[in-house]
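Protein sequence lines, in the order shown, are assigned to chains A and B. For the record, in the first sequence the residue sitting at position 34 is 34 according to my numbering, with numbers rising by one throughout. For the record, in the second sequence the residue sitting at position 32 is 169 according to my numbering, with numbers rising by one throughout. The C-beta atom is built at its ideal place from N, Cα and C for all residues, glycine as well. Note that the structure is a prediction, hence the values are computed from the model and not measured.
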Amino acid sequence: MHELSIATSLVELACDHARQHEGRRVTKVMIRIGVLQHVARSLYFCFDNVARGTACEGAVLEIEEVGLTVECPACRAVKAPSGLYNFRCPDCGVPTPQVVTGRELQLVSIALAPDAASDRPALGRAGDEPIYARSTS
Amino acid sequence: MCGICGCDAGEARIDGNPSPEAAHPPLIRSRTTPASHDHGHGHGHGHGHDHIHGHSHDHHHRDGHGHALQSPGIVPDTGREHLVAIERGILSKNDGFAAANRARFAEQGMLALNFVSSPGAGKTSLLVATIEGLKKELPIAVIEGDQETENDAERIRATGVPAVQINTGRGCHLDAHMVGHALDSLPVERGSLLLIENVGNLVCPASFDLGEAHKVAILSVTEGEDKPIKYPDMFAAARVLVISKIDLLPYLRFDLERALDYARRVNPTIEVVRLSTETGEGMPAWLEMLRRQARAARAGLPGGAGAGREERGDGLAAMDHRRRAAAI
Ligand SMILES: Nc1nc2c(ncn2[C@@H]2O[C@H](COP(=O)(O)OP(=O)(O)OP(=O)(O)O)[C@@H](O)[C@H]2O)c(=O)[nH]1
Ligand SMILES: [Mg+2]
Ligand SMILES: [Zn+2]
């Protein structure tokens, strides 16, 4: 369910951007997700579902997963803890609450189809009648 | 229709009614007024919109408009796929709504708290006990989030305090947009305490800022000590940790010190309160913390801390004075 709400926000954001480009169809969506977000693979499924009937329909979702690194206050260095649930420096054992990477939840970029009308007239271009209604699915 | 937003809160219902945007076409309205995208998140935070030229063909244009949602000024460019760099938080829209809520709370001198826990940790029980302890001193309002039922809001209303129930349907957390709408249907007074009970879930609510002053994470002693490291984001996102149901400790093998050690690993500055709503143990310290935080929130209002309350002349304001004097 977490995945569903992330997918919804993601499709919304990607469609906003697509609209700035003559409502072109989105062919690819690239995102960056940190391991601490606990996002499951079902995000792919949710994305496809939510994208239906929008400019993102059929787009490929590419996920770049970012590992956990923390800053050790004792070593004054960025370290990779030995486990996801072990917020301690792997070298000196000091607690390391300062997360450096692992919390990302970013839309990196989108790829847009060559032109608005391309092979999907149902998605229309700017000026057409509503194109994002769920009833189109 | 929702005049402020272009986003969709799915099947969320507020007090049983579809939330205003349920009337919108789902997800994205096809033709929104450009202005409607502007509220919430400020522009000019530099997410470039330049086209990345990853392929060898030569585009000559760069429509380097500095923010996402202005009129596009697109250069016709048929036959080529375009890569658009965005680099924005996926939840940035929510963050925009949260900022708007936060501004509203500040303007009203309200203290808004977001209560998060796993299902059944004792959020509603704590809200009820808190209301009973403070309702004579402070105006209080409640927003209840659950996937289904009005049960929790009804428990709150039984205390005489106004409550709005948001049913999130399939949604597993409240978001800032739902809370904004719920606020519209709550009679909130200046300087009031707003208690927001999130959906019972230790994962998703961590990512969704509602505009609250801070999150209060509740961990009941029946859940095991390791929740803070199993769900580190939630405990890292909270400012206060309530260890609840401590009346049950004698019957359990719950190692409280270990739980606190885990919590401090993910959040070394987390403030801890231990309490039981069943026996009342620990409640005075909890209520005192809220009084202090509510005073700080009211201090921003013209007239300073507690301005509105002192006009009530019901003796409670005087009590508040004494308490303050004692605290100094
Ligand atoms: N012994 C004991 N039981 C408690 C305490 N606080 C709550 N409970 C019980 O725990 C159960 C769940 O309490 P709720 O307050 O409904 O929990 P909640 O977190 O609001 O639950 P959801 O909203 O469904 O996630 C109820 O049966 C309460 O009576 C406590 O301090 N001691
Ligand atoms: Mg509850
Ligand atoms: Zn170290």
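Beta-bridge partners of Gln-302(B) (DSSP): Glu-281(B).
For Ile-223(B), the chain A residues whose Cβ falls inside 7 Å of its Cβ are His-17, Leu-107, Val-108, Ser-109 and Ile-110, in order along the chain.
The shortest CA-to-CA distance from Ser-381(B) to any of Glu-244(B), Arg-411(B), Leu-389(B) and Gly-361(B) is the one to Arg-411(B).
By the C-beta density criterion, Asp-370(B) is buried, having at least 16 other C-beta atoms within 10 angstroms.
The three-state secondary structure of Phe-242(B), taken from DSSP, is helix.
Judged by DSSP secondary structure, Met-247(B) falls outside any alpha helix (DSSP H); it is assigned neither H nor E. Between Gln-106(A) and Gly-226(B), the C-beta gap is smaller than 8 Å, which places the two residues in contact. Exclusion of the five residues before and after Arg-24(A) leaves Ala-18, Leu-112, Ala-113 and Ala-116 as the residues of its chain whose Cβ lies within less than 6 Å of its Cβ. Residue pairing of Gly-34(A) in beta bridges, as defined by DSSP: Val-66(A). For Leu-330(B), the enclosing beta strand (DSSP E) has its first and last residue at 330-334. Between the C-alpha atoms of Gln-430(B) and Leu-248(B) there is a straight-line separation of about 7 Å. By alpha-carbon distance to Val-100(A), the top candidate from Gly-34(A), Glu-3(A), Leu-10(A) and Ser-9(A) is Gly-34(A). DSSP places Ile-227(B) in the coil class of the three-state scheme, outside both helix and strand. At the C-beta level, Gly-102(A) and Leu-68(A) come within 8 Å of one another.
For Ala-258(B), there is no enclosing alpha helix (DSSP H), as DSSP marks it with neither H nor E.
Residue list for ligand 2: Lys-260(B), Thr-261(B) and Asp-289(B) (CB closer than 5 Å to any heavy atom, chain order). Rounded to whole angstroms, the Cβ separation of Leu-250(B) and Glu-349(B) is 6 Å, and the two are in contact under 8 Å. For the 8 Å CB-CB criterion, Leu-331(B) and Ile-280(B) form a contact. Look at Glu-415(B): its beta carbon is less than 7 Å from one of the heavy atoms in ligand 1. The beta-carbon of Arg-76(A) is placed no less than 8 Å from the nearest beta-carbon of chain B.
For the segment 236-256 of chain B, the set of positions with a beta-carbon nearer than 7 Å to some beta-carbon of chain A is empty. With a beta-carbon spacing of about 5 Å, Gly-328(B) and Gly-246(B) fall inside the 8 Å limit used to define contacts. Here DSSP, grouped into helix, strand and coil, assigns Cys-15(A) to helix.
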